[in-house]
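**Q** Using mature numbering (1 follows the signal peptide of the UniProt record, and there is no 0), the letters of the sequence shown map in sequence onto residues -22 to -1, 1 to 400.
Take this structure, written in structure tokens, and hold onto it; I'll ask about it next.
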Amino acid sequence: MNKKSILAGLALALLTGTAANAGDVRVMWYSDGVEGEVMKDLVNRFMEENPGINVILDNVAYSVIKEQLPVQLEAGNGPDVARVTAIKDLAKHWLDLRPLVKDPAYWDENFGDKADWMRPDGSDQISGFMTQLTLTGGFANKTLFDQAGVEMPGPKATWEEWAAAAKKVADSQQVPYPMAIDRSGHRITAPMLSYGANYIGEDGKPAPLDQGAKDFLTKFVNWTEEGVFAKDVWVSAAGNTYRAAADDFINGQLAFYYSGSWQVANLATKIGNNFDWVATGSPCGPAACTGMPGGAALVAVKYTKNPKDVATFMDWMAQEDIVREFSERTLFLPAHKGVVEKGGLNFETENEQAKAALGTFVEASKSTSETALKLPAWRWADTVYAAIVTRIGQTLAGELPLEDAFARIDADIAQKVKDTGL
């Protein structure tokens, strides 16, 4: 191993290692928008109230969370607390906070409806809580549509109608691409479900790709080859590496961008007054007009050396007033039952487009399909997402015919299931 590799390994170990000193709690955190700054403020306030606990907040790229953290966890390492999205897939690594928190009933009451998303099947474990709920959906550059004189498709418009309208806009305004969708299995699952896909077999294990899944993926590949979808987003990375297209939308390079509610604060902050934009909900397919629910969770890692301090920190972060403040300042949809039921969230933005977008996502959540609602708690979801991204990425890069990609997706997933011995 060369010197550069050794130094890189040491840096990662230092970044992700559990706190060794009594009273230290290391938190691995990533941000989509402004939440890193909000979290930093909250952490400082926690330490003022709890002077015996030193919280080390490591702000990292999402790629570290997605690609490097799982490796650390498999080796019995990692931070004490982490903000993650693969919450079910990594559930075996989370600490059970039930015997450690002050009031388990409070956690059950306010976070219990999503607890299965982040704990091993059949367990009553308290692993952490959702920092926010998310829903995938589209964003349109209203200024580009207006300048092109193209009417924006309505709430029940299909993917085909959005593709046609966005292409007219792009051709008229000479922007590079009509549309983009994040390089993410979670993101592309929404339109696949709208075309009738169902990943879950009768035995609860992954089913082979069905006709609905193949129908949308075929359209997506064809549209990308025709220049409707931004190809670079999917071919500029390899394997199941995540890549968002937010910067392309922010820079006015897209007429339509499919991502999700977590982008609202990011778009509001970075677009400013450069152009008008709107959230659109999810375009329809033959079976549904669904987005994909999800979110990020703040979870405790069971390899921590300081479980009591971790529990104290998690209890503080999970307080109703703290969750409310975090949600209002980050423009995130809260996952705390008490906060949701009391309502009256005063999202801290003067950006009317952001407020309208949040309202659109709340309304769109009512159209979420039953199949979509099952996936966050399904242990194989991330396995399926990874296989789809990897193989469709190869197809778009010209490395794998689409029919072969379908076969490889099924084979990849089957091998992962076999490897677990289940």
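Note that beta-carbon positions come from the ideal geometry of N, C-alpha and C, so glycine has one too.
Which class does Y281 belong to by DSSP, given the choice of helix, strand or coil?
**A** If DSSP states are grouped into helix, strand and coil, Y281 belongs with coil.
**Q** With a floor of 3 residues, list each beta strand (DSSP E) that falls wholly inside the segment 37 to 90, ordered by position along the chain.
**A** Here the runs fully enclosed are 59 to 62.
**Q** I'd like the span of the beta strand (DSSP E) that includes L111, first residue to last.
**A** Looking at the DSSP string, the run of the beta strand (DSSP E) that includes L111 is G106 to N119.
**Q** For D2, list the residues DSSP reports as bridge partners.
**A** In DSSP, D2 forms a bridge with N32.
**Q** Decide yes or no for the touch test of the segment 167 to 178 against the segment 371 to 386: beta carbon pairs closer than 8 Å, at least 3 of them.
**A** Not touching, per the Cβ criterion.
**Q** With a cut-off of 8 Å, do at least 3 Cβ pairs link the segment 322 to 335 to the segment 26 to 35?
**A** No contact exists between the segment 322 to 335 and the segment 26 to 35.
**Q** When you compare each of D124, V288 and A175 to G30 by their alpha carbons, which one comes out closest?
**A** It is V288 whose Cα lies nearest to the Cα of G30.
**Q** From M295 to A148, what distance separates their C-alpha atoms?
**A** Each residue's alpha carbon lies about 45 Å from the other.
**Q** Starting from T258, trace the beta strand (DSSP E) both ways and give me its first and last residue.
**A** T258 -> beta strand (DSSP E) spans W255 to G259.
**Q** Please go through the segment 187 to 233 and give each complete alpha helix (DSSP H) segment of 4 or more residues, from N-terminal end onward.
**A** Runs of the alpha helix (DSSP H) inside the segment 187 to 233: 189 to 203, 210 to 213 and 224 to 228.
**Q** On a CA-only basis, which of F227, N244 and A243 is nearest Y236? Give me that one, please.
**A** It is F227.
**Q** May I ask which residues mark the beginning and end of the alpha helix (DSSP H) holding M157?
**A** Where M157 is concerned, there is no enclosing alpha helix (DSSP H), although the beta strand (DSSP E) it sits in stretches over Y155 to I159.
**Q** Give a yes or no on whether the C-beta atoms belonging to G115 and A350 are separated by under 8 Å.
**A** It is not a contact, given that the beta carbons lie outside the stated cut-off.
**Q** Which residue marks the beginning of the alpha helix (DSSP H) containing A141, and which one marks its end?
**A** Start and end: W137 to Q151.
**Q** W85 to V79, Cα distance in whole Å?
**A** Near 9 Å, if we compare the C-alpha coordinates of V79 and W85.
**Q** Pairs of beta-carbons, one from the segment 102 to 109 and one from the segment 273 to 281, closer than 8 Å: are there three or more?
**A** Contact holds: three or more Cβ-Cβ distances are below 8 Å.
**Q** State the start and end residues of the unbroken alpha helix (DSSP H) segment that holds P169.
**A** Note, P169: alpha helix (DSSP H), G163 to S172.
**Q** Can you tell me the Cα-Cα spacing of A265 and L51, whole angstroms?
**A** When rounded, the distance between both Cα atoms is 39 Å.
**Q** Do you know whose CA, among T368, G250 and N176, lies nearest N119's CA?
**A** Ranking the options by Cα distance to N119, first place goes to G250.
**Q** What does the alpha-carbon distance come out to for the pair I391 and D360?
**A** So the two alpha carbons sit approximately 10 Å from each other.
**Q** DSSP on W294, reduced to helix/strand/coil?
**A** Of the three classes helix, strand and coil, the one that applies to W294 here is helix, per DSSP.
**Q** What does a CB cutoff of less than 8 Å around T308 pick up in its chain, not counting 5 residues either side in sequence?
**A** If we look at T308 and ignore the five residues flanking it on each side, its Cβ neighbours are G11, V12, E13, V16, Q110 and A243.
**Q** Drop a sphere of 10 angstroms on the beta-carbon of P77, count the other beta-carbons inside from all chains shown, and report buried for 16 or more, exposed for fewer.
**A** Classification for P77: exposed.
**Q** Hey, which unbroken runs of the alpha helix (DSSP H) at 4 residues or more fall wholly within the segment 293 to 326?
**A** If we require 4 residues or more, the alpha helix (DSSP H) runs fully inside the segment 293 to 326 come out as 298 to 308 and 315 to 320.
**Q** Taking one C-beta from the segment 194 to 211 and one from the segment 138 to 156 each time, how about it: are there three or more such pairs within less than 8 Å?
**A** Yes, they touch.
**Q** Would D58 pass as a contact of N284 if the rule is Cβ separation under 8 Å?
**A** Against a cut-off of 8 Å, the Cβ pair of N284 and D58 comes out as a contact.
**Q** Residues in the same chain with beta-carbon distance under 6 Å from L378, minus the five sequence neighbours each way, listed in chain order, please.
**A** Cβ within range, chain order: Q372.
**Q** Tell me which same chain residues have a C-beta within less than 8 Å of the C-beta of V206, skipping the five on either side of it?
**A** Correct list, in chain order: A141, A144, K145, Y155, P156 and M157.
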